[in-house]
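Have a look at the structure below, then the notes.
As structure tokens, this is what we get:
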């Protein structure tokens with residue numbers, strides 16, 4: 001993630017504020033970099049663009065693989081740009097230890113939206129950790145806002161971890177579903193349904209229309225089983241066809257209605273305030289880990305104890321304490 | 001989580017090694033406590049019991065709500081104690097922000113196993129964070145091992161986050177499923193299927209037997225789509241009835257076979273070694289957060305900046321760095 005030919009602070013800030021997509025991309029890469037020298041500038045870039053950020057609607061889009069997230073985002077994004085919006089698409093990829101996700105990684109996806117000048121698509125960096133990606137995805141979002149994008153779509157796949165991370169950075173969380181799934185499916189997605197602001201049955205087209213309508217009714221009934229949300233919003237269940245572009249206008253209207261209501265009852269700003277606090281916490285955790293494992297004293301002590309930790313001969317609890325003591329300066333020298 | 005009437009270090013260690021269930025419970029409570037004075041003894045207790053830990057088979061059990069995890073664990077545990085094993089059951093509860101899980105919290109559950117002297121059931125502490133619970137669940141596991149339990153069953157519910165945590169602390173990860181679920185279900189559980197060492201279709205009884213057999217075949221076919229595991233193990237798909245206690249013996253035999261094969265090819269110890277390293281990392285993270293947010297300088301600075309962070313007027317990235325600098329002593333005094 002080395003950032004080559006770094007620009008100056010002013011060039012980054014001005015370029016982003018001018019909506020220069022090339023510089024926007026380079027600024028996001030800079031922010032994602034773990035090089036201390038990059039981070040120093042990245043911080044200042046973020047301070048520079050901060051006053052110009054925050055003015056978008058941030059929408060999280062999730063759903064199981066195969067539900068059609070990319071096609072939905074492409075069609076939905078297209079409708080929004082036609083309405084005069086500027087749409088940025090970011091991805092949060094959980095990058096599981098076992099498999100490497102391909103979310104937005106496939107260059108051939110979202111071709112239609114990607115070629116539109118009113119849209120900006122940023123694929124997820126490959127191989128990043130969840131913590132890193134989600135911490136930096138927020139910075140990417142602010143950079144896009146400063147560059148003039150007023151709708152941010154954040155795509156994530158359904159493994160739980162990433163969804164909770166995305167829920168923590170968006171204003172509206174949309175769950176895409178498929179018709180034809182039974183009670184078990186609802187059980188599995190319970191955690192996700194609880195954090196969703198709307199459920200949309202995708203692929204409601206052709207011979208699937210009837211099933212979609214039934215599923216809509218079924219899910220709407222199921223939602224009654226959940227406790228009311230603190231913001232008073234009752235998550236609607238909608239159907240749409242991303243391919244035939246039906247139902248998409250209604251989804252946008254729903255999001256707009258949501259924003260209006262939440263602005264009135266104060267939840268909109270409350271939610272963002274809370275998100276900024278947990279964002280701070282995430283950044284602290286991220287920085288701590290970077291510094292901890294790069295610290296020379298820690299590295300040396302780790303080299304000494306890891307062989308015995310591996311064999312189970314040293315107590316993990318005691319050694320963790322010792323290492324944190326060393327890092328925070330409570331134990332100055334180790335014999 | 002205040003530990004009242006604390007015992008002496010020797011009393012804790014001797015009590016646990018004697019298999020005294022009351023003291024085992026108190027030792028687990030001590031280890032879960034976030035009080036610095038408790039942690040000091042807890043660390044020493046862990047060092048004292050360490051040489052007597054590690055000799056169990058650690059099995060993670062997961063599945064969607066309604067799949068019958070508790071009934072399975074009760075029946076499976078009962079069969080194991082009849083074979084002469086001593087079985088401990090621990091729970092990892094993701095305690096989602098929105099809902100409070102009830103995993104093992106209901107006292108009326110697992111009555112049959114709970115009343116058996118050869119078994120020990122430890123409910124999940126309510127309201128704990130995921131990080132805390134999973135970090136301390138490992139310590140609880142070692143304490144149970146030192147107390148003579150040779151099979152540890154760790155129950156978790158399916159929201160992704162907790163499953164990955166549990167996978168990181170067990171030798172064998174078992175996924176319970178239900179018959180009658182289609183392709184979408186498989187899609188959702190993809191991440192979990194990938195980390196499972198076996199899939200068991202539960203409730204294969206009565207009129208459900210045929211469906212269970214079909215599901216078994218379907219899942220067995222689906223598993224061929226996944227890449228081979230590094231340890232050479234091909235996850236079997238089994239059926240069982242927890243209520244009629246059929247198929248449970250086969251599941252135990254499968255676990256024993258797994259252990260034998262993994263001992264031979266070296267994966268058993270490799271896996272545990274890796275787990276101990278990530279356990280160390282988790283403990284470091286956990287300790288750091290505790291100390292960070294209890295630090296007076298941090299608290300003071302937080303009080304100063306949080307109002308403006310909430311309003312989005314200060315850069316999160318810059319302030320996170322400043323706070324970590326203060327904590328690690330790079331900035332001694334703040335004006």
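Chains as they are written, first to last, in UniProt numbering: chain C, 1 to 335; chain Y, 1 to 335.
Note that beta-carbon positions come from the ideal geometry of N, C-alpha and C, so glycine has one too.
These figures come from a predicted structure and were not determined experimentally.
Going residue by residue through the segment 33 to 77 of chain Y, where are the continuous beta strand (DSSP E) segments of at least 3 residues, counting only ones entirely within it?
57 to 62
Residue 88 of chain Y and residue 149 of chain Y: beta carbons closer than 7 Å?
Translated into the one-based positions of the second chain, residue 88 of chain Y becomes position 88. Translated into the one-based positions of the second chain, residue 149 of chain Y becomes position 149. In contact: residue 88 of chain Y and residue 149 of chain Y (Cβ atoms closer than 7 Å).
List, in order along the chain, the chain C residues whose C-beta lies closer than 8 Å to that of residue 324 of chain Y?
Counting from 1 along the second chain, the entry for residue 324 of chain Y is found at position 324. What residue 324 of chain Y touches in chain C: 284, 287, 288 and 291.
Taking C-beta pairs closer than 7 Å, name the residues in chain Y that residue 320 of chain C reaches, listed in chain order.
Within the first chain, the letter at position 320 stands for residue 320 of chain C. Simply 280, 283, 284 and 287.
Are the segment 315 to 328 of chain Y and the segment 46 to 55 of chain C touching by the rule of at least three beta carbon pairs closer than 8 Å?
yes
Any beta carbon of chain Y sitting closer than 7 Å to that of residue 104 of chain C?
The residue labelled residue 104 of chain C in the question sits at position 104 within the first chain. A caution first: residue 104 of chain C carries a pLDDT of 47, below 50, which makes its placement in the model unreliable, though a value can still be read off. Chain Y, which has no Cβ nearer than 7 Å to the Cβ of residue 104 of chain C, makes this no.
I'd like to know whether the C-beta atoms of residue 239 of chain C and residue 192 of chain C end up nearer to each other than 7 Å.
Sequence index remark: in the first chain, residue 239 of chain C carries index 239 (1-based). Sequence index remark: in the first chain, residue 192 of chain C carries index 192 (1-based). Going by C-beta atoms, residue 239 of chain C is not nearer than 7 Å to residue 192 of chain C.
Going by C-alpha distance, which of Y:222, Y:213, Y:259 and Y:250 is nearest residue 232 of chain Y?
Here residue 232 of chain Y is taken as the residue at index 232 of the second chain, counted from 1. Ranking the options by Cα distance to residue 232 of chain Y, first place goes to Y:259.
Are the CB atoms of residue 15 of chain C and residue 23 of chain C within a distance shorter than 7 Å?
The residue given as residue 23 of chain C occupies position 23 in the first chain. The residue given as residue 15 of chain C occupies position 15 in the first chain. The answer is yes: Cβ separation under 7 Å.
Please report the straight-line C-alpha distance between residue 252 of chain Y and residue 230 of chain Y, rounded to a whole angstrom.
Here residue 252 of chain Y is taken as the residue at index 252 of the second chain, counted from 1. Here residue 230 of chain Y is taken as the residue at index 230 of the second chain, counted from 1. C-alpha separation (whole angstroms): 22 Å.
Could you spell out where the alpha helix (DSSP H) holding residue 318 of chain C opens and where it closes?
Locating residue 318 of chain C in the first chain gives position 318, where the first residue counts as 1. Per DSSP, residue 318 of chain C belongs to the alpha helix (DSSP H) from 316 to 327.
Residue 188 of chain Y to residue 195 of chain Y span [Cα, whole Å]
Translated into the one-based positions of the second chain, residue 188 of chain Y becomes position 188. Translated into the one-based positions of the second chain, residue 195 of chain Y becomes position 195. The pLDDT assigned to residue 188 of chain Y is 43, lower than 50, so where the model puts this residue is not dependable; a value taken from the coordinates is nonetheless given after this. C-alpha separation (whole angstroms): 13 Å.
Close Cβ partners of residue 262 of chain Y (< 8 Å) along its chain, the five nearest in sequence each way excluded
Taking the second chain and counting its residues from 1, the one referred to as residue 262 of chain Y is at position 262. If we look at residue 262 of chain Y and ignore the five residues flanking it on each side, its Cβ neighbours are 171, 231, 233, 268 and 271.
Enumerate, from N- to C-terminal direction, the unbroken alpha helix (DSSP H) stretches of 4 or more residues contained entirely within the segment 190 to 219 of chain Y.
190 to 195
Note down, in chain order, each residue of its chain lying with its Cβ closer than 8 Å to the Cβ of residue 12 of chain Y, except the 5 sequence neighbours on either side.
Residue mapping note: residue 12 of chain Y aligns to position 12 of the second chain, counting from 1. Excluding sequence neighbours, residue 12 of chain Y sits near 23, 26, 27, 30, 41, 45 and 48.
Alpha-carbon spacing of residue 303 of chain Y relative to residue 310 of chain Y, whole angstroms
As a position in the second chain, residue 303 of chain Y is number 303, starting the count at 1. As a position in the second chain, residue 310 of chain Y is number 310, starting the count at 1. Approximately 11 Å between the Cα atoms of the pair.
Where residue 87 of chain C sits in the DSSP three-state scheme
Locating residue 87 of chain C in the first chain gives position 87, counting from the first residue. Strand at residue 87 of chain C.
For residue 228 of chain Y, the three-state DSSP class (helix, strand or coil):
As a first step, residue 228 of chain Y is located in the second chain; it is residue number 228 there, counting from the start. In the structure shown, residue 228 of chain Y sits in coil (DSSP, three-state: anything other than H, G, I, E or B).
Residues of its chain near residue 297 of chain Y, where Cβ-Cβ distance is below 6 Å and the 5 sequence neighbours each way are ignored:
Counting from 1 along the second chain, the entry for residue 297 of chain Y is found at position 297. Closer than 6 Å at the Cβ level, and outside the excluded window around residue 297 of chain Y, lie 326.
Which residue wins for smallest C-alpha separation from residue 122 of chain Y, given the options Y:211, Y:73, Y:79 and Y:163?
Taking the first residue of the second chain as position 1, residue 122 of chain Y is located at position 122. Of Y:211, Y:73, Y:79 and Y:163, the residue nearest in Cα terms is Y:73.
Say whether chain Y places a C-beta atom closer than 7 Å to the C-beta of residue 81 of chain C.
Within the first chain, numbered from 1, the residue matching residue 81 of chain C stands at position 81. Residue 81 of chain C does not count as touching chain Y.
Cut-off 8 Å between Cβ atoms - residues of its own chain near residue 223 of chain Y, not counting five sequence neighbours on either side
As a first step, residue 223 of chain Y is located in the second chain; it is residue number 223 there, counting from the start. Result list for residue 223 of chain Y: 193, 199, 234, 235 and 237, in chain order.
For residue 51 of chain C, which option in C:78, C:145 and C:244 has the closest C-alpha, if you only look at C-alpha atoms?
Along the first chain, one-based indexing puts residue 51 of chain C at 51. Nearest of C:78, C:145 and C:244 to residue 51 of chain C, Cα basis: C:145.
Within the 7 Å Cβ cut-off, does residue 89 of chain C reach chain Y?
For this step, residue 89 of chain C is matched to residue 89 along the first chain. Not closer than 7 Å to any Cβ of chain Y, the Cβ of residue 89 of chain C fails to qualify, so no.
Going by beta carbon distance, what residues of the same chain come within less than 7 Å of residue 19 of chain C, once the five residues before and after it are set aside?
Here residue 19 of chain C is taken as the residue at index 19 of the first chain, counted from 1. Cβ neighbours of residue 19 of chain C beyond the five flanking positions: 147 and 148.
Does residue 45 of chain Y have its Cβ less than 7 Å from a Cβ in chain C?
Locating residue 45 of chain Y in the second chain gives position 45, where the first residue counts as 1. With 7 Å as the cut-off, residue 45 of chain Y does not count as an interface residue toward chain C.
Taking C-beta to C-beta, are residue 113 of chain C and residue 84 of chain C nearer than 7 Å?
The residue you call residue 113 of chain C lines up with position 113 of the first chain. The residue you call residue 84 of chain C lines up with position 84 of the first chain. Contact: no.
For chain C, is any of its Cβ atoms less than 7 Å away from the one on residue 273 of chain Y?
The residue labelled residue 273 of chain Y in the question sits at position 273 within the second chain. So, interface residue.
So residue 280 of chain C packs on residue 299 of chain Y, CB below 8 Å; how close in whole Å?
Looking up residue 280 of chain C in the first chain gives position 280. Looking up residue 299 of chain Y in the second chain gives position 299. Residue 280 of chain C to residue 299 of chain Y, Cβ: 14 Å. No contact.
Residue from C:204, C:36, C:33 and C:214 with nearest C-alpha to residue 68 of chain C
Residue numbering aside, residue 68 of chain C sits at position 68 when the first chain is read from its first letter. Residue C:204 is the option with its Cα nearest to residue 68 of chain C.
With DSSP as the reference, identify every bridge partner of residue 173 of chain Y, one or two as the case may be.
Locating residue 173 of chain Y in the second chain gives position 173, where the first residue counts as 1. Looking at the DSSP assignment, residue 173 of chain Y forms a beta bridge with Y:60.
So what does residue 237 of chain Y bridge to, in DSSP terms?
To locate residue 237 of chain Y, count along the second chain from 1; it is residue 237. In the DSSP output, where bridge partners are listed per residue, residue 237 of chain Y has Y:199.
Local conformation of residue 118 of chain C per DSSP, three classes
In the first chain, counting from the first residue as 1, residue 118 of chain C sits at position 118. Looking at residue 118 of chain C - three-state DSSP - the assignment turns out to be coil, as it is neither helix nor strand.
Buried or exposed by the 16-neighbour rule on C-beta atoms within 10 Å, applied to residue 249 of chain C:
Position 249 of the first chain holds residue 249 of chain C. Exposed: under 16 other Cβ atoms inside 10 Å.
Residue-chain proximity (residue 206 of chain C, chain Y), Cβ-Cβ < 7 Å
Position 206 of the first chain holds residue 206 of chain C. Output row for residue 206 of chain C: interface = no.
Quick one: give me the first and last residue of the beta strand (DSSP E) that residue 152 of chain C is part of.
As a first step, residue 152 of chain C is located in the first chain; it is residue number 152 there, counting from the start. Here the beta strand (DSSP E) through residue 152 of chain C covers 151 to 156.
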